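Take a look at the structure below.
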Amino acid sequence: MVQDANHFHALFRKYRLKAEFSTLSELSEAFAQKGFIYEDSIYSHWQKGTRVPQSRGILLKLIELFIERQAITTIDQANAFLSSANQGYLSEKELDHFPAKLSNPIFQVPNEISNFSSRENIINNLITKQDILGKVIFIHGLAGVGKTTLAIQLSHLLKDRFTDGVLWYKIEKDNLMDILLSIARMYGENLTSIHDKQVRITIVRSLLASKNVLLVLDGAEASESAQSLIPNSRFSTTILTSQKDNLKTTGSYIDIALQPFSNEEVIAFFKEVLKDKYPKQKEDILLKIGKRVGNVPLALQLIARQLLQSEQYLIDFPSLLDQKNPFFEDLYHEEKNLYGAIGISYKNLDPSKKSILVSTSIFKGKDFSAKSIAYINGLSVPATTKILQDLIDLSLIEHSTKSRFRIHPAIQEFVRNKLDYPRSSRLLKTVFILFGTFVIWWIYVQFFGYKNSLDNRVFTSIYCLVALYGGVYGIQTSYRWGGLKTLFGRSIFMFSVGLFMQVLGQILYMSLDLFLHYKNLYPALDDIGFFGAIPLYTYGVLLLAKSSGIKVNVHSFQKRIIALIIPMIMLAIAYLLFFKDYNFDFKNPIKTFLDFGYPLGESIYISIALITFIFSRSILDGIMQSRALLILVALVAQFIADYVFIYTADSYYPGNYVDLLYLIAYFIMSVALINLKSIRVNIKNT
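What follows is the structure, encoded as structure tokens:
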């Protein structure tokens, strides 16, 4: 409580002075006009920190007064003031009392790093001595030395100086166009129709030219064009982080070559992290540990967290770092110590934590959500979040912006080597062999078979083995994604059962043709299986849409238009290809129903799949894109096969090109489902 009171008293004094109340009596008179009459001694207690207002109403009136005097200008400042008195944040209803007076400046920076220590000289120099406006702060150094950590700390300390906000972007190899689009949107410009990179750069630089903004470009060495984002403005500041030290171009730079910790900083760091568990009598051992990992901050952080969590004696840790690992042989010399420290932390994880950590390495970027990791591992989001928090406690991952997490590139590289897909590779190889065998058989019957030959009829009856294979392993895949308990698991399950329905249709067809010698095969009993796949596929894509974040009530005008246009196009295609010259046969209602049901039903699920693919941000942040596209292609292939069959039903014979189309559709869906299995994290024994 004392700490909270001290925090409140500091903010109270700060905003009183900013509001230009030179004495507590002046503040008392102004507050009395708000209907709150107190003796000056009450305000004195608030300022000294011996008391804190307990009434939320009083605090809100203080905030209102400070806003009117332009002492508090942002929602963050008002929330911090309220929170310092243990009163939480402003509600939306409370904000309505002064919406025009408060702003909520852009602040995209990841959460502050816990246990941040050292680098005081660098920070003090930049904050108190350097004129940073119009300059580029260039932070460079080897992996794990703390470049990103320092940039985060500086961003939080400097945010009040930049009225137009603080922008943070992790530079990836191919995300520059997205960054340009995001910056433009922040300041009211839409560049989606502009696809030329240089044009976007020009527009964004002109937007930033008059802004008082702090722009952070983390990992700038990943793109040669990253420096083109630097605004030509005397009001802005840019922070660049890079492992390379040769990114300087024109302009005014503040060069910070970040070095590993000194021995004094190593000791200060361990004291900060270990606190009451700090073994003062073993400082020499801590220094030896630091030396073994090159005093690299990230490596020290990992080891310090292990000391907090482990029962091992400190004396054991230097010997652990001596253990040889073949993985280290190809690394640069200065990175070996860092990877050795990561290896220690990884080795001490239980299997569930290893699986979660390794699954974080499959993302295109460094940020990810708990929901994505939960889908990969087939766990609930709460269970996944708990494990992620354990990994945060070990410094293997960190909180990022909003409700997301991030992993250091060096740790990501290390754990990515632990991924293993051997079984899925064998499954894919098998389905390709099956498909290739049936394609060769189909080619054979084209040359040596005839319409009703046994070869043709047997081929038509058993090529559904491809669908059976895909369905079996699709079911297994669905349970690896949480089975019927998760949206995505149920979606895969429905696609798999849809393949089984195709198999059922083929079996019924074989029975009617080979054993019962039934002549009229459309419509017939086998359509129970073939048509039964349609509602299953439809439900599957609905679940896929829901699990991908698509909502029925799409808000933007553009989304509404596309969501309407796609089904209309699909229905128009079905009409032009089939219904335009359709002759209704009311004597055969089942045939009429199936003639309309196949193309219309498939138009619906293809429409939903298209909308999902277009609008989905992807539950795996980009990793799923190619696999979702493969499901869409499989559904389209099924649509084409069914349409061609219906259109040519009168001339169809076993083994003709229609069966090849069905074989292709089964094959693509099987590959799509097995590919989803290949994302499943299988931890290597090493």
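Per this note's numbering, the very first residue in the sequence shown carries number 2; after that it's consecutive. We put the CB at the ideal spot given by N, CA and C, even for glycine. All figures in this text were calculated on a predicted structure; none of them were measured in a lab.
Rounded to the nearest whole angstrom, the C-alpha separation of residue 538 and residue 465 is 17 angstroms. Three or more Cβ pairs closer than 8 angstroms define a contact, and the stretch 411-419 meets that threshold against the stretch 342-349. If you draw a 10 Å sphere on the C-beta of residue 79, you find 16 or more other C-beta atoms in it, and that means buried. Taking 4 residues as the minimum length, the alpha helix (DSSP H) runs contained wholly in the stretch 437-487 are 455-463, 466-481, in order along the chain.
A check of alpha carbon separations from residue 189 across 178, 209, 482, 452 identifies 209 as the nearest.
Within the stretch 165-202, the complete alpha helix (DSSP H) segments at least 4 residues long are 177-187, listed from N- to C-terminus. Of the residues assessed, residue 527 falls on the buried side of the cut-off, its CB having 16 or more other CB atoms within 10 angstroms. The straight-line gap separating the alpha-carbon atoms of residue 184 and residue 635 is approximately 37 angstroms. Here the stretch 195-202 makes no contact with the stretch 243-263; the two share fewer than three CB pairs at distances below 8 angstroms. In this structure, residue 434 keeps its C-beta atom at 8 angstroms or more from the C-beta atom of residue 389.
In this structure, the straight-line span from the alpha carbon of residue 340 to that of residue 125 is close to 31 angstroms. Rounded to the nearest angstrom, the gap between the Cα atoms of residue 166 and residue 237 is 10 angstroms. DSSP places residue 45 in the uninterrupted alpha helix (DSSP H) bounded by 41-49. Three or more Cβ pairs closer than 8 angstroms define a contact, and the stretch 461-480 meets that threshold against the stretch 494-507. Residue 113 sits in coil when the DSSP states are folded into three classes, being neither helix nor strand.
One alpha carbon belongs to residue 171, the other to residue 241, and they sit about 10 angstroms apart.
Following the DSSP letters along the chain, one finds residue 391 inside the alpha helix (DSSP H) bounded by residues 382-394.
When secondary structure is reduced to three states using DSSP, residue 21 falls in the coil class, being assigned neither helix nor strand. Secondary structure at residue 537: helix, using DSSP grouped into helix, strand and coil. Counting along the chain, the unbroken alpha helix (DSSP H) around residue 299 starts and ends at 298-310. DSSP places residue 369 inside the beta strand (DSSP E), whose first and last residues are 368-370. Counting the other Cβ atoms within 10 Å of the Cβ of residue 649 gives fewer than 16, which makes it exposed.
For residue 52, the three-state secondary structure derived from DSSP is coil. Residue 305 sits close to residue 271, with the two beta carbons spaced by under 8 angstroms. For residue 651, the secondary structure class from DSSP, reduced to helix, strand or coil, is helix. Within a 10 Å sphere around the beta-carbon of residue 98 sit fewer than 16 other beta-carbons, which makes this residue exposed. Each residue's CA atom was taken as its position, placing residue 384 and residue 497 some 27 angstroms apart. Residue 673 and residue 639 do not touch by the CB rule: their CB atoms are close to 12 angstroms apart, not below 8 angstroms. Residue 120 places its beta carbon less than 8 angstroms from that of residue 151.
Each residue's CA atom was taken as its position, placing residue 406 and residue 36 some 46 angstroms apart. The C-beta of residue 89 has fewer than 16 other C-beta atoms within 10 Å across all chains shown, which makes the residue exposed. The residue among 284, 454, 17, 153 with its C-alpha nearest the C-alpha of residue 71 is 17. If you draw a straight line from the Cα of residue 29 to the Cα of residue 133, it is about 39 angstroms long. Note: residue 407 is bridge-paired with 368, 399 in the DSSP secondary-structure output.
Non-local beta-carbon contacts of residue 350 in its own chain, meaning distances under 7 angstroms to residues more than five positions away in sequence, involve 358 in chain order. A residue is called buried once 16 or more other Cβ atoms fall within 10 Å of its Cβ, and residue 529, having fewer, is exposed.
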